[in-house]
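Going by the numbering used here, the residue at position 426 of the sequence shown is 455; the numbering climbs one at a time, nothing skipped.
Note that beta-carbon positions come from the ideal geometry of N, C-alpha and C, so glycine has one too.
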Amino acid sequence: MRVEKQAEALAGRWTEAELDSRAACSSEAIAAMHLNRRRALQSAGSLLGGLGLACVTDPRLRAAQRAGATGADPALADAVSLADLEALAHQRMAPMAWEYVSGGAADELTLRWNREAYERLRLDARVLRDVSHVDTRIELLGRQLAHPILLAPSALHRLAHPEGELATVRGANAAQALMTLSTMSSETLEDVAKASAGPLWFQLYVQKDKGYTAELVQRAEAAGYEALVVTVDTPVDGARNRQQRAKFHLPPGVEMANLRGLKSASGQKLDTEHGVFANILPPLLTWKEIEWLQSLTRLPVLLKGILHPDDARLAAKQGVAGILVSNHGGRNLDTVPATIDALPRVVDAVGSELTVLVDGGVRRGTDVLKALALGARAVLVGRPVFHGLSAGGAEGVTQMLSILRHELEMALALSGRARIADVDRTLLFG
Ligand SMILES: Cc1cc2nc3c(=O)[nH]c(=O)nc-3n(C[C@H](O)[C@H](O)[C@H](O)COP(=O)(O)O)c2cc1C
């Protein structure tokens, strides 16, 4: 409610009746989420299709208010920032899962820098500009999106919630956010696609077994995924010391559902329930394999994990649709730079040819704004998805995304920019 008041103040032009009707709308949306899954999905579908959507995604409709409207979970309703959701998730997530999600590689310097680099950047705000209609819409790979905040691919959402990625996708749909599903999801890509009323991308870990990789790509294409995000920064696992100390293993009921039936390098059937990730990562992934992948699919291919401008140039030469500037959330090679620091030189190298996206450390609307100012077309969030999911299931994911989107809207208005197209490097101070 506190944030709602801020929003009202910002808008300063809503009548009481308008506010009341929007509040009613939000109760409806949240009530829908408490129905059984099928009905909730139908409800999400109709919300996305019609008038309801305007309610759920209204810029000033606060997720906190939404949860508060039902009184279902006061702690969730009180969370007004991503940090609040993270603290709640810490209380609610099993300790081993928490270590797996939160940890980075080795001394976690890159993990820390991802945040610090955003904190160092300052905004150069302008005033007395018409920001009466703030518009967060963007076009990405030919698709209109309501806002530039996407879900990064991450493994095993059942670690955070029994409904795993099925809850995540409902939460993403309600917040009009595009979701990228991981190869290592705990629900199958087909089930997630069936549960989704919004656009999806599929993240691909190329498997040593080429036939299986081709099959995964075909399955994703057949299920309606709109792009293939090929992760290229993980030829081996990083030194995940925190994960090791926590003796991370897959708990009962959590498996890599897409990889059932995959054989390990030694030809054994892979144990998708207990297998360690190292068993399934490809020993060899080069530009040749990217070319092979492009020949397999009509989907646009994006490369995830580019930090160096020369690699970005090679990607452009290879004819991929886009790249994602990422250091895997600081989980792979410790001491590579923060992604927001790596972004500008990549954008300078290929920004005019390729769609450039960024992830890593995005926790505030002002971070989104800074990434856009430095040339990213959109941002992706990783750990905050687990935090929302663990704090409140689908509702928590919606709340996390709504907070971020609302903060972006406030940041746009307060910096004197009404549209995403108005955002460029002049928005950064110094
Ligand atoms: C628990 C966890 C699991 C992840 N699993 C994958 C994955 O399966 N595939 C992938 O490409 N990236 C994976 N990532 C990396 C994310 O896609 C993303 O790059 C990173 O989380 C962004 O940083 P952030 O968590 O600070 O937002 C994972 C990240 C986390 C935290």
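Exercise. Note down, one range per segment and in chain order, each beta strand (DSSP E) of at least 3 residues found wholly within the stretch 307–338.
Key: 330–335
Quiz prompt | Buried versus exposed call for residue 128 [16 or more other C-beta atoms within 10 Å across all chains shown] | solution = buried
Self-check item: Rounded separation between residue 105 and residue 330 - CA only
Solution: 37 Å
Practice problem: Classify residue 130 as buried or exposed, calling it buried when 16 or more other Cβ atoms lie within 10 Å of its own Cβ. | Solution: buried
Exercise. Measure the Cβ-Cβ separation of residue 445 and residue 160 and say whether it is below 8 Å.
Key: yes
Quiz item: Can residue 453 be considered in contact with ligand 1, in the sense that its beta carbon sits closer than 7 Å to one or more heavy atoms?
Solution: no
Exercise. Could you check the C-alpha separation between residue 397 and residue 178 for me, to the nearest Å?
Key: 8 Å
Exercise. Mind checking which residues open and close the alpha helix (DSSP H) that includes residue 369?
Key: 368–379
Quiz item: What residues in its chain sit with their C-beta under 8 Å from that of residue 343, if we drop five residues either side in the sequence?
Solution: 316
Practice problem: For residue 348, count neighbouring Cβ atoms within 10 angstroms of its own Cβ and tell me buried if that reaches 16, exposed if not. | Solution: exposed
Exercise. Compute every distance between the C-beta of residue 147 and the non-hydrogen atoms of ligand 1, then say whether any falls below 7 Å.
Key: no
Quiz prompt | Rounded distance between the beta-carbons of residue 267 and residue 362, thought under 8 Å | solution = 6 Å
Self-check item: Supposed contact pair residue 247 and residue 291 - C-beta distance, whole angstroms, cut 8 Å
Solution: With 8 Å as the limit, residue 291 and residue 247 do not qualify as a contact, their Cβ atoms being about 15 Å apart.
Quiz item: Is residue 429 closer than 8 Å to residue 114 when the C-beta atoms are compared?
Solution: yes
Self-check item: Sequence-distant residues of its chain with Cβ nearer than 7 Å to residue 448 (five each side left out)
Solution: 164
Exercise. Compute the Euclidean distance between the alpha carbons of residue 345 and residue 375, then round it to the nearest angstrom.
Key: 11 Å
Self-check item: DSSP three-state assignment for residue 192, whether helix, strand or coil
Solution: coil
Exercise. Please check the pair residue 417 and residue 426, which I expect to be a contact at CB under 8 Å, by giving their CB distance rounded to whole angstroms.
Key: 4 Å
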